[in-house]
Structures are given as structure tokens and as C-alpha cells.
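Residue numbers (our numbering): 82 to 349.
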């Protein structure tokens, strides 16, 4: 048997890590539902910033439109999109997460599959989104995923996805590489791959596929993640104090290359 390539290893590791952490993600969303407090963890705080833009973009799709959630996880976004009267389909390759999503969304089509080979016909959806999915793939796979996003999108439809910024000021890139070195020195298995990109790189790639009205938003500028690493209580305190400043930076286009989250919208 041939040894798997680094691209193949990254694909498997991304699915396996999410499968093992299905309970964690389920608890995070349950905690949000119970407390209605998005600042309790770094994950929820970051998702709040993404969700605000996601549902603003989704409003431009007429009710009843077809929506695909790629990497739907435990199905919480599927629930919310369905409640807004869209015809939603979920795609999730991690078995444990997919099972939770199916239980949570009876009657909704939630299936196994990969963003690299979407199991749908051309021009099937009005809106396709993939939150924190593409970051786990090496660049050749990211390019293939872009092609698949546009393939299944109807003319005039919109894609929405996230990437991780190469030159972010929030320090995540530093943390990622230090962790990678530490695991290697300790002889431990590697963590999931993270692909860092730049806004100009994403813009060029999407334009080459015929993408229109491309918008790249930046969110999370301050190094809030490090405080959450110390403790969730400290992270919440710092996040709440810096939130208005952090959000204000998103108003300026020149700050986007330094944001932690890159949030991308484009039309076909």
C-alpha cells in the first residue's frame, strides 16, 4: 500500500479530530443556548462574529431558497437556517457529528461527503456556506474546494466561507507553529493542519473562477485568544472590554490583512 500524501493525511486528521471532539462542540452550542452568552469561550466568541455576517448575507437569499451547509457539524446552524424558511441540506464527514446533526434535525437531508467532491449536481444551491472547513486543507485542496463550491452554486447564487489569516495580529499563527514544534519534539501525534492565507490570495483565486462581488471581511484583531488559553473567565473579561475596539477595526479595509478570521462572500 502506498504511503498517504500530506494532503491525504490532512484530510483524514481533520475528520478524525472533529469526530473525537463531537461532544465538545455539542456542549459548546448547548451552553450558548442555555446561557445566551457568546463570550464564555473563544470558540463561541469567534463564531458570534462569523454568524453575524453569515445571517446578514443569508437575508439576501429569498425565503424558500436552497442552502447547503458544508461541514455542518452537530447541526446547530442547520436548525437555525431551517427556522428561517430555507430548504437546507447538511454535509458532514465526521460520523459522530453527523449522527448528532441528524438526531437534531429530523426530516432534513444530512449526509456524508467531502467538500473536495460534493455529492450534488451542478447548480443545485442558491447559497453555500462552509464555516471553519477550508482551513484544514493544504492549498491544492483549497483550490479544488473553491471549484466545487462554484460548481454546485446556481448562477447568481452566493458562497460564504472562512479562512485563517497568515499575518493576523491576534497571534494564532504563532501559537499554531509553537504547538506544532512542541508536539513534534515530544513525539506526539500532530494536531490538525491549519492553512494560512492572505486576502489578496483568496481574492485572486475566486476571481480566476469567475467570482463576482467578492467581499473579504476581517474579524478578531486583538490577541484575545491568548487570554482564553489562560482561562475562559479571563478571556471573557478581556473580550468584553476589547470588543467595541475590536469591532471598530472591521470598518476599515486596510485592517483586513491583519485580522484573525477572514470571512469571504462571493457571487457566481
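Note that CB positions come from ideal geometry on N, CA and C, so glycine has one too.
All values reported here derive from a predicted model rather than from experimental measurement.
{"Item": "Best match in 188, 304 and 208 for proximity to residue 135 [C-alpha to C-alpha]", "Value": "208"}
{"Item": "Candidates 317, 172 and 273, of which the one nearest residue 88 by Cα", "Value": "273"}
{"Item": "Neighbour-count burial assignment, residue 169, 16 or more Cβ in a 10 Å radius", "Value": "buried"}
{"Item": "Residue 246, enclosing beta strand (DSSP E) - first and last residue", "Value": "234–246"}
{"Item": "Exposure label - residue 24; buried when at least 16 CB within 10 Å", "Value": "No answer is possible for residue 24: it lies beyond the span of the chain, which begins at 82 and ends at 349."}
{"Item": "Helix, strand or coil at residue 346 according to DSSP, with G and I counted as helix", "Value": "strand"}
{"Item": "Simplified DSSP state of residue 302, which is helix, strand or coil", "Value": "coil"}
{"Item": "Nonlocal neighbours in the same chain, by C-beta distance under 7 Å from residue 113, ignoring five residues either side", "Value": "119 and 125"}
{"Item": "Status (buried if at least 16 other CB within 10 Å, exposed otherwise) for residue 186", "Value": "buried"}
{"Item": "Residue 332 - DSSP class collapsed to helix/strand/coil", "Value": "coil"}
{"Item": "Same chain only: Cβ atoms within 7 Å of residue 286, ignoring 5 sequence neighbours per side", "Value": "224 and 227"}
{"Item": "Beta-carbon proximity check, residue 196 vs residue 182, cutoff 9 Å", "Value": "no"}
{"Item": "Identified DSSP bridge partners for residue 170", "Value": "149"}
{"Item": "Residue 204 in three-state terms, based on DSSP", "Value": "coil"}
{"Item": "Cβ pair residue 199, residue 167 closer than 9 Å", "Value": "no"}
{"Item": "Residue 278, DSSP secondary structure in three states", "Value": "strand"}
{"Item": "Three-state secondary structure assigned by DSSP to residue 294", "Value": "strand"}
{"Item": "Cβ contact check for the region 296–305 and the region 337–346: 3 or more pairs under 8 Å", "Value": "yes"}
{"Item": "Of the listed residues 248, 254, 268 and 311, nearest to residue 282 (C-alpha basis)", "Value": "248"}
{"Item": "Check whether residue 240 and residue 348 have beta carbons under 9 Å apart", "Value": "yes"}
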